[in-house]
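**Q** Please find one structure pasted underneath; my questions will follow.
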């Protein structure tokens, strides 16, 4: 069987097998074509005649952004732990929700929409460490990861970027920079590094 993908301005011939990548919503038209078994007086089989892409190919769609932002609405959400909400405050939570509306390409062609795994790791980190820095800022990297930073007592910054496998950190006062794993041990190590920089 040969599939033809068609958009408003192009058609793509696809060989049998799996379609590469995500192509969004597909509309498949069927027609009755004679099968090899037709010679044996068996009914024709319904096989795909064409596959039409009915919405554009993106890594994130408006619909999925609406679903994502719904995860943050009201105080009943379980996506963000109470300690994480306390750490970022009401303004930070609104800012985080705004990130859920950003589409791929929001900051250049390579920028990605928010990664829910990043939000989960961010939430878990603050739940386990109970850090609650003053003047904590919330940002999103071009990779779609949640980033937070705050000034220490001497005005130098601590910056954390959360991703599915862990947390990238930079502690300006000590020059410490690295990554810890998304685990209790990794979070404990990072908490200790941050605590030492505050008391130094």
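In my numbering, the protein residues as written are 169 to 368.
The beta carbon of each residue, even a glycine, is placed where N, CA and C say it ideally should be.
Note that the structure is predicted; figures quoted are calculated from it, not measured.
#1: Exposed or buried, what is residue 358 when buried is set at 16 or more other beta-carbons lying within 10 Å of its beta-carbon?
#2: Thinking just about the alpha-carbon of each residue, which of 353, 352 and 326 is nearest to the one in residue 344?
#3: Tell me whether residue 266 sits in a helix, a strand or coil according to DSSP, three-state version.
#4: Which residues in the same chain as residue 349 place their Cβ atom closer than 6 Å to its Cβ, once the five residues preceding and following it in sequence are excluded?
#5: Looking only at its own chain, which residues have a Cβ that is under 8 Å from the Cβ of residue 291, when we skip the five neighbours before and after it?
#6: By the three-class DSSP mapping on this structure, what secondary structure does residue 299 have?
#7: In the DSSP assignment, find the beta strand (DSSP E) that holds residue 340 and state where it starts and stops.
#8: Provide the residue(s) that pair with residue 327 in DSSP beta bridges, ordered along the chain.
#9: Using a 10 Å radius around the Cβ and a threshold of 16 neighbouring Cβ atoms, would you call residue 259 buried or exposed?
#10: Opposite residue 306 in the DSSP bridges: which residues?
#11: So for residue 289, helix, strand or coil by DSSP?
#12: At the level of alpha carbons, what is the spacing between residue 352 and residue 311?
#13: Output the distance between the C-alpha atoms of residue 329 and residue 294, rounded to the nearest integer angstrom.
#14: Output the distance between the C-alpha atoms of residue 232 and residue 264, rounded to the nearest integer angstrom.
#15: Mark residue 286 as exposed unless 16 or more other C-beta atoms lie within 10 angstroms of its C-beta, in which case mark it buried.
#16: Between the alpha carbons of residue 185 and residue 331, how many angstroms are there, rounded?
**A** Let me spell this out:
#1: buried
#2: 326
#3: helix
#4: 334
#5: 247, 248, 249 and 252
#6: coil
#7: Premise fails: residue 340 is in no beta strand (DSSP E) and is neither H nor E.
#8: 317 and 338
#9: exposed
#10: 316
#11: helix
#12: 24 Å
#13: 13 Å
#14: Caution applies to residue 232, whose pLDDT of 44 falls short of 50 and renders its modelled position unreliable; the model cannot decide the point.
#15: buried
#16: Low confidence applies to residue 185: its pLDDT is 47, below 50, so where it sits in the model is not reliable, and the reading given next is rough at best. Looking at the two C-alpha atoms, the distance is approximately 33 Å.
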